[in-house]
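Enquirer: One structure, pasted below without further comment.
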Amino acid sequence: MWFWNIKNFKFLKDWDVSKCKNFSYLFEDCSFSEIDFLSNWNVSNSTHLNSMFYGCSNLVNIKGIKNWYVENVTNFECMFENCRQLEDVNDLQNWNMNKAKNIREMFANCNKLINMNSLYKWKLNEGVDKTDIIYNCNNLLNIPSIFEKTNSSSCEIL
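When you read off a place in the sequence shown, starting at 1, and then add 145, the result is the number in this note's numbering.
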């Protein structure tokens with residue numbers, strides 16, 4: 146929890162993070178509702194985004210990261226878990242997920258999540274751990290077929 150209890154994140158807008166590989170838990174439990182201030186971040190060398198926004202319970206708008214180059218990221222586990230106000234993640238539709246190995250619980254407990262139908266564009270390799278990726282996301286209207294076999298008896302597939 147690097148930025149625990151900070152209210153204004155605008156100072157991060159122009160940070161040069163281009164050499165960073167691991168962003169795990171960076172914004173855990175943060176209180177912001179949008180992440181537009183991260184739109185200029187170069188995460189192309191990153192391999193770990195796991196739990197980056199874990200528990201950001203007020204997060205509603207993620208379009209600030211829609212153009213992130215995530216081609217080298219292997220671990221997305223719990224990236225948005227417990228983002229309870231998040232309703233739509235279609236802004237991530239153009240992410241290159243070819244090297245992803247772990248997307249386990251990426252959207253788990255996003256209770257208000259209703260729309261992720263554009264994520265069908267993700268090309269996931271066989272063997273990617275997607276266990277419980279949509280656990281407790283009972284309001285989803287459309288679930289891309291790439292998430293249907295989540296190895297969870299708890300997920301409700303609509």
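Glycine included, each C-beta is placed from N, C-alpha and C at the ideal position.
If you're wondering where the values come from, they're calculated on a predicted model, not measured in any experiment.
1) Measure the Cβ-Cβ separation of residue 207 and residue 188 and say whether it is below 8 Å.
2) Could you give the distance in angstroms between the alpha-carbon of residue 275 and the alpha-carbon of residue 223?
3) In this structure, how does DSSP classify residue 185 when only helix, strand and coil are distinguished?
4) Ignore the nearest five residues each way along the sequence and tell me which others in residue 178's own chain have a CB closer than 8 Å to its CB.
5) Starting from the C-beta of residue 160, find all residues in its chain whose C-beta is less than 8 Å away, skip the five residues before and the five after it, and write them out in chain order.
6) Taking the beta carbon of residue 250 as the centre, do at least 16 other beta carbons fall within 10 Å, making it buried, or is it exposed?
7) Comparing the C-beta of residue 181 with each C-beta of chain D, is any distance below 8 Å?
8) Starting from the Cα of residue 155, find the closest Cα among 248, 265, 169 and 181 and give me that residue.
9) Kindly list the residues whose CB is nearer than 6 Å to the CB of residue 261, restricted to its own chain and excluding five residues on each side of it in sequence; keep chain order.
10) Buried or exposed: residue 191, going by 16 or more other Cβ atoms within 10 Å of its Cβ?
11) In this structure, how does DSSP classify residue 236 when only helix, strand and coil are distinguished?
12) Looking at the structure shown, is residue 254 part of a helix, part of a strand, or coil, going by DSSP?
13) If you count every other CB in all the chains shown that lies within 10 Å of the CB of residue 307, and 16 or more means buried, which is it?
14) Have a look at 232, 236 and 240 and flag the residue whose alpha-carbon is nearest the alpha-carbon of residue 217.
15) Looking at C-alpha atoms only, which residue of 258, 158, 195 and 173 is the closest neighbour of residue 246?
16) Would you mind sorting residue 285 into buried or exposed? The rule is 16 or more other CB atoms within 10 Å of its CB.
Expert: Reading from the atomic positions:
1) By 1-based counting over the sequence shown, the position of residue 207 is 62. By 1-based counting over the sequence shown, the position of residue 188 is 43. No.
2) Position 130 of the sequence shown, counting from 1, holds the residue named residue 275. Position 78 of the sequence shown, counting from 1, holds the residue named residue 223. Answer to the nearest angstrom: the Cα atoms are 10 Å apart.
3) Taking the first residue of the sequence shown as position 1, residue 185 is located at position 40. In this structure, residue 185 counts as coil in the three-state DSSP scheme.
4) Working through the sequence shown from its first residue, we reach residue 178 at position 33. 203, 204, 205, 206 and 230.
5) The sequence position of residue 160 within the sequence shown is 15, counting from 1. The answer, listed in chain order, is 186.
6) The sequence position of residue 250 within the sequence shown is 105, counting from 1. It counts as buried.
7) Annotation note: the requested chain D is absent from the structure, which comprises a single protein chain.
8) Position 10 of the sequence shown, counted from the first residue, corresponds to residue 155. Nearest option by C-alpha distance: 181.
9) Position 116 of the sequence shown, counted from the first residue, corresponds to residue 261. Closer than 6 Å at the Cβ level, and outside the excluded window around residue 261, lie 234.
10) Indexing the sequence shown from 1 puts residue 191 at position 46. Buried: at least 16 other Cβ atoms inside 10 Å.
11) Position 91 of the sequence shown, counted from the first residue, corresponds to residue 236. Three-state DSSP puts residue 236 in a helix.
12) Taking the sequence shown and counting its residues from 1, one reaches residue 254 at position 109. DSSP places residue 254 in coil when its eight states are reduced to three.
13) One cannot answer for residue 307 here, as it falls past the ends of the chain, which runs 146 to 303.
14) For this step, residue 217 is matched to residue 72 along the sequence shown. The shortest C-alpha separation from residue 217 is found at 240.
15) As a first step, residue 246 is located in the sequence shown; it is residue number 101 there, counting from the start. With distances taken between Cα atoms, residue 246 lies closest to 195.
16) Along the sequence shown, read from residue 1 onward, the residue named residue 285 stands at position 140. Result: buried.
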